[in-house]
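Colleague: The structure that follows is given in the form of structure tokens.
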DNA sequence: CTGAAAGCGCTTACAG
DNA sequence: CTGAAAGCGCTTACAG
């Protein structure tokens with residue numbers, strides 16, 4: 001059931017079988033047909049592992065994602081997978097569960113010649129991990145994140161500007177008391193927070209620490225953050241939630257507290273995941289081109305794998321403010 | 332940078348290095364320490380591919396899922412991954428995009444010695460695929476699905492009874508005109524439909540074809556199905572939606588049509604995904620033990636991989652009706 | 001306890 | 001166009 005058996009079966013060498021299998025060299029028609037027939041008849045399937053060993057390629061790429069913003073990352077995964085499929089690559093997803101031990105293990109796993117390249121969407125707070133990434137020869141692309149110390153190509157939006165524009169959007173609607181549900185643990189969260197502050201400054205509104213509540217990019221954390229925020233501040237006009245999943249939780253919290261969105265409170269999300277279109281009310285959100293991020297990251301990684309051409313160090317994709325029904329004018 | 336280099340570095344044989352690496356045989360303390368030091372110093376990482384080739388194990392299992400009920404499958408994935416992690420296995424997710432070509436390709440990929448076992452959650456309508464599955468030596472476990480022709484171990488709930496009990500729940504609340512948003516393409520959908528019919532029969536309520544609408548297990552399809560159903564029947568008391576993701580879409584549709592849930596209409600979901608707790612109103616749903624399904628399927632697969640002990644052919648896990656706020660008594 | 005050597009199933013210069 | 005043979009980086013009987 002190996003290539004050898006097919007060779008014996010056809011009275012040819014293993015080299016010939018390998019050649020018709022891969023089409024790497026011309027094989028005469030009669031031999032080719034004989035080999036193909038034998039393969040078909042005996043149901044032979046090439047051993048991919050053996051092939052990987054000699055080629056030193058696994059045709060698998062690793063996608064490292066955090067265990068938050070699941071729907072966002074799921075969409076990226078889908079688009080990465082679709083993009084790479086045509087080139088015969090598969091995707092091994094590593095969802096980092098806890099930041100301490102787990103991510104180190106994943107990296108080790110990935111680097112044991114298991115993957116040809118990595119798309120990294122998880123930010124670590126462990127310097128060892130980055131040190132290891134720097135050392136490896138495996139091509140890496142960062143998607144949706146920014147890690148200042150690392151020189152890998154990045155594909156993302158301009159989070160600072162996006163949050164600034166989102167905040168401006170609320171300000172233009174006439175809102176003055178803007179709550180913010182931020183996210184901790186990721187640099188994009190810090191950038192978005194800065195964008196929020198910047199827009200407030202433009203409108204001469206002082207930043208009020210009590211309007212800020214941290215979240216963890218999950219539905220549940222958005223739920224909790226919204227409750228805490230509304231408990232502390234009964235006079236908010238609007239809340240900007242820095243991820244749609246948290247916004248879903250925030251909507252739920254508002255509902256539980258008998259506050260109407262947008263009647264009592266406007267709510268602005270961030271990400272543009274599919275679900276944000278189906279909430280009640282439909283979310284207005286700062287929408288990232290999620291599929292494009294995955295597609296572009298995959299394309300760049302593919303380019304690094306297959307050519308020596310230089311790739312763009314930073315690809316900034318456009319965001320939009322997609323209007324739903326969760327924000328209302330407050331003139 | 333191979334095992335040979337470490338061996339040379341330490342003046343020992345590659346066999347010894349391999350032994351300290353794997354702990355397969357006792358190696359004297361001094362040699363062991365020398366080898367470990369060298370490994371650490373030179374940053375040697377074993378080549379997993381080479382190891383796989385000789386062991387004929389990849390320590391990877393394939394998880395084949397459809398491209399619907401994403402949140403449900405994501406939860407299963409998480410629990411499968413957690414369960415297998417302790418045993419050193421990784422999970423390769425294959426999300427079947429289109430039923431025709433794609434699934435065949437995935438199977439081929441998986442069977443090229445890429446995975447040691449498969450957890451199958453996707454039902455195919457292509458007999459070739461099943462024929463191929465039957466032939467393979469790779470252990471397979473079915474999770475959440477039932478494929479009558481195949482003799483693989485199954486882990487799931489009793490979908491017929493679950494839907495029957497769900498329907499009974501609505502009937503007990505006093506509802507008489509029960510819409511059903513069913514799902515096509517999966518046998519669980521058919522079973523659940525039968526459960527619905529059975530419960531109606533128990534209450535001497537004739538089955539009305541016009542109360543039935545098909546869906547495709549996505550939010551969008553639930554949205555469309557609900558709109559179609561409500562357009563046709565203005566007098567429904569309640570709607571039973573055979574997946575929570577469709578129920579999210581159905582909620583959105585009801586909202587758009589200015590129908591209050593549960594004021595005008597009770598809504599019952601199916602699955603018990605995390606999101607169902609955060610909808611407005613919170614969904615009442617027939618809740619599957621999703622994580623347990625993944626965990627149990629993984630455990631059984633592991634048992635097949637590591638022992639020759641027989642495994643249970645059918646593991647039925649308990650479901651519950653988890654009450655939220657989307658159903659109301661209609662006495 | 002340790003080492004020399006065979007072998008896992010492929011690919012691919014090299015020679016013909 | 002085809003074949004004999006080396007080699008990919010490991011593991012593991014087998015012998016000592």
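Protein chains in written order, with the numbering used here: chain Z, 1 to 331; chain F, 332 to 662.
From the three backbone atoms N, C-alpha and C, an ideal C-beta is built for every residue, glycine too.
#1: Compute the minimum distance between the beta carbon of residue 510/F and the heavy atoms of the ligand GTP, and state whether it is under 7 Å.
#2: Taking buried to mean at least 16 other C-beta atoms within 10 Å of its own C-beta, is residue 105/Z buried or exposed?
#3: My assumption, with CB atoms under 8 Å, is that residue 69/Z sits in contact with residue 245/Z. Please give the rounded CB distance.
#4: Flag residue 337/F as yes if its beta-carbon sits less than 8 Å from any beta-carbon of chain Z, otherwise no.
#5: In the region 95 to 124 of chain Z, which residues sit with their C-beta less than 8 Å from some C-beta in chain F, listed in chain order?
#6: Which residues mark the beginning and the end of the alpha helix (DSSP H) in which residue 644/F is found?
#7: Buried or exposed for residue 296/Z, going by 16 or more other Cβ atoms inside 10 Å?
#8: Give a yes or no on whether 8 Å exceeds the smallest Cβ distance from residue 609/F to chain Z.
#9: Could you tell me whether the Cβ atoms of residue 271/Z and residue 72/Z are closer together than 8 Å?
#10: So, with DSSP's three-state summary, where would you put residue 287/Z?
#11: Is the beta carbon of residue 422/F closer than 8 Å to that of residue 395/F?
#12: Residues of chain F with a CB under 9 Å from the CB of residue 213/Z: which are they?
#13: Among 495/F, 434/F and 455/F, which has the Cα closest to the Cα of residue 600/F?
#14: Starting from residue 36/Z, trace the alpha helix (DSSP H) in both directions and tell me its first and last residue.
#15: Which residue comes first and which comes last in the alpha helix (DSSP H) that contains residue 14/Z?
#16: Under a CB-based cut-off of 8 Å, is residue 389/F close to chain Z?
#17: Shorter than 8 Å from the beta carbon of residue 401/F to some beta carbon of chain Z?
#18: Between the C-alpha atoms of residue 290/Z and residue 319/Z, what's the straight-line distance to the nearest angstrom?
#19: Determine whether the Cβ of residue 466/F lies closer than 8 Å to any Cβ atom of chain Z.
#20: In three-state terms, what does DSSP make of residue 596/F?
#21: Does any residue of chain F have a CB that is nearer than 8 Å to the CB of residue 21/Z?
#22: At what residues does the alpha helix (DSSP H) containing residue 654/F begin and finish?
#23: Check whether the region 136 to 145 of chain Z touches the region 111 to 127 of chain Z, counting contact only when three or more Cβ pairs, one atom from each stretch, lie closer than 8 Å.
#24: Rounding to the nearest angstrom, what Cα-Cα distance links residue 442/F and residue 623/F in this structure?
#25: Is it buried or exposed, residue 490/F, if we count other Cβ atoms within 10 angstroms and call 16 or more buried?
#26: Have a look at 155/Z, 240/Z and 12/Z and flag the residue whose alpha-carbon is nearest the alpha-carbon of residue 169/Z.
#27: Where residue 411/F and residue 405/F are concerned, what is the direct C-alpha to C-alpha distance, given to the nearest angstrom?
#28: Which residues of the region 509 to 543 of chain F have a Cβ closer than 8 Å to any Cβ of chain Z? Give them in chain order.
#29: Starting from residue 571/F, follow its DSSP beta bridges and name the residues at the other end.
#30: Could you have a look at residue 127/Z and say whether DSSP puts it in helix, strand or coil?
#31: Show which residues of chain F have a CB atom less than 7 Å away from the CB atom of residue 274/Z.
#32: Can you give, in chain order, each stretch of the alpha helix (DSSP H) that sits fully within the region 503 to 559 of chain F and has at least 4 residues?
#33: Between the beta-carbon of residue 528/F and the beta-carbon of residue 538/F, is there less than 8 Å?
#34: Rounded to the nearest angstrom, what separates residue 195/Z and residue 235/Z at their Cα positions?
#35: Per DSSP, what kind of secondary structure is residue 334/F in: helix, strand or coil?
#36: Is the number of C-beta pairs between the region 512 to 522 of chain F and the region 547 to 564 of chain F that are closer than 8 Å three or more?
Modeller: Taking the coordinates as given:
#1: This structure does not include the ligand GTP; it has no bound ligands of any sort.
#2: Position 105 of the first chain, counted from the start, is the residue given in the question as residue 105/Z. That one is exposed.
#3: Here residue 69/Z is taken as the residue at index 69 of the first chain, counted from 1. Here residue 245/Z is taken as the residue at index 245 of the first chain, counted from 1. About 6 Å; that satisfies the 8 Å criterion.
#4: Taking the first residue of the second chain as position 1, residue 337/F is located at position 6. Closer than 8 Å: no.
#5: Residues 95, 97, 108, 109, 111, 112, 113 and 114.
#6: Your numbering for residue 644/F matches position 313 in the second chain. Counting along the chain, residue 644/F falls outside any alpha helix (DSSP H), and DSSP gives it neither H nor E.
#7: Locating residue 296/Z in the first chain gives position 296, counting from the first residue. So residue 296/Z counts as buried.
#8: Counting from one through the second chain, the residue named residue 609/F turns up at place 278. The beta-carbon of residue 609/F is placed less than 8 Å from the nearest beta-carbon of chain Z.
#9: In the first chain, counting from the first residue as 1, residue 271/Z sits at position 271. In the first chain, counting from the first residue as 1, residue 72/Z sits at position 72. By the CB criterion at 8 Å, residue 271/Z and residue 72/Z fall inside the cutoff.
#10: Here residue 287/Z is taken as the residue at index 287 of the first chain, counted from 1. The answer is strand: DSSP assigns residue 287/Z an E or B state.
#11: As a first step, residue 395/F is located in the second chain; it is residue number 64 there, counting from the start. As a first step, residue 422/F is located in the second chain; it is residue number 91 there, counting from the start. No, the pair does not count as a contact, with Cβ atoms beyond the cut-off.
#12: If you number the first chain from 1, residue 213/Z lands on position 213. Against chain F, a Cβ distance below 9 Å from residue 213/Z picks out nothing, because the smallest value is about 17 Å.
#13: Position 269 of the second chain, counting from 1, holds the residue named residue 600/F. With distances taken between Cα atoms, residue 600/F lies closest to 495/F.
#14: As a position in the first chain, residue 36/Z is number 36, starting the count at 1. Secondary structure note for residue 36/Z: its alpha helix (DSSP H) is the uninterrupted segment 29 to 42.
#15: In the first chain, the residue the question calls residue 14/Z occupies position 14. Residue 14/Z: member of the alpha helix (DSSP H) spanning 14 to 22, first to last residue.
#16: As a first step, residue 389/F must be located in the second chain, where it is residue number 58. Chain Z, which has a Cβ nearer than 8 Å to the Cβ of residue 389/F, makes this yes.
#17: Counting from one through the second chain, the residue named residue 401/F turns up at place 70. With 8 Å as the cut-off, residue 401/F counts as an interface residue toward chain Z.
#18: To locate residue 290/Z, count along the first chain from 1; it is residue 290. To locate residue 319/Z, count along the first chain from 1; it is residue 319. A straight line joining the alpha-carbon of residue 290/Z with that of residue 319/Z spans about 9 Å.
#19: The sequence position of residue 466/F within the second chain is 135, counting from 1. True, the Cβ-Cβ gap to chain Z drops below 8 Å.
#20: Position 265 of the second chain holds residue 596/F. DSSP places residue 596/F in coil when its eight states are reduced to three.
#21: On the first chain, residue 21/Z is found 21 positions in, with the first residue counted as 1. By this cut-off, residue 21/Z is not an interface position.
#22: Numbered from 1 along the second chain, position 323 holds the residue referred to as residue 654/F. That residue, residue 654/F, is in no alpha helix (DSSP H); it is neither H nor E in DSSP.
#23: Contact between the region 136 to 145 of chain Z and the region 111 to 127 of chain Z is present, because at least three Cβ pairs lie under 8 Å.
#24: Position 111 of the second chain, counting from 1, holds the residue named residue 442/F. Position 292 of the second chain, counting from 1, holds the residue named residue 623/F. In a straight line, the C-alpha of residue 442/F is about 27 Å away from that of residue 623/F.
#25: Within the second chain, the letter at position 159 stands for residue 490/F. Only buried fits residue 490/F, as 16 or more other CB atoms lie within 10 angstroms of its CB.
#26: Here residue 169/Z refers to the residue found at position 169 when the first chain is read from its first residue. With distances taken between CA atoms, residue 169/Z lies nearest to 240/Z out of 155/Z, 240/Z and 12/Z.
#27: Taking the second chain and counting its residues from 1, the one referred to as residue 411/F is at position 80. Taking the second chain and counting its residues from 1, the one referred to as residue 405/F is at position 74. When rounded, the distance between both Cα atoms is 10 Å.
#28: From the region 509 to 543 of chain F, no residue has a Cβ closer than 8 Å to chain Z.
#29: The residue given as residue 571/F occupies position 240 in the second chain. Answer is 511/F and 599/F.
#30: Counting from 1 along the first chain, the entry for residue 127/Z is found at position 127. Looking at residue 127/Z - three-state DSSP - the assignment turns out to be helix.
#31: Residue 274/Z sits at position 274 when you count from the first residue of the first chain. What residue 274/Z touches in chain F: 550.
#32: The region 503 to 559 of chain F is shown to contain whole alpha helix (DSSP H) runs of 4 or more residues at 518 to 533, in chain order.
#33: The residue you call residue 528/F lines up with position 197 of the second chain. The residue you call residue 538/F lines up with position 207 of the second chain. Yes, these two residues count as a Cβ contact at 8 Å.
#34: Here residue 195/Z corresponds to residue number 195 of the first chain, with the count starting at 1. Here residue 235/Z corresponds to residue number 235 of the first chain, with the count starting at 1. About 23 Å.
#35: Here residue 334/F refers to the residue found at position 3 of the second chain. Helix at residue 334/F.
#36: Contact between the region 512 to 522 of chain F and the region 547 to 564 of chain F is present, because at least three Cβ pairs lie under 8 Å.
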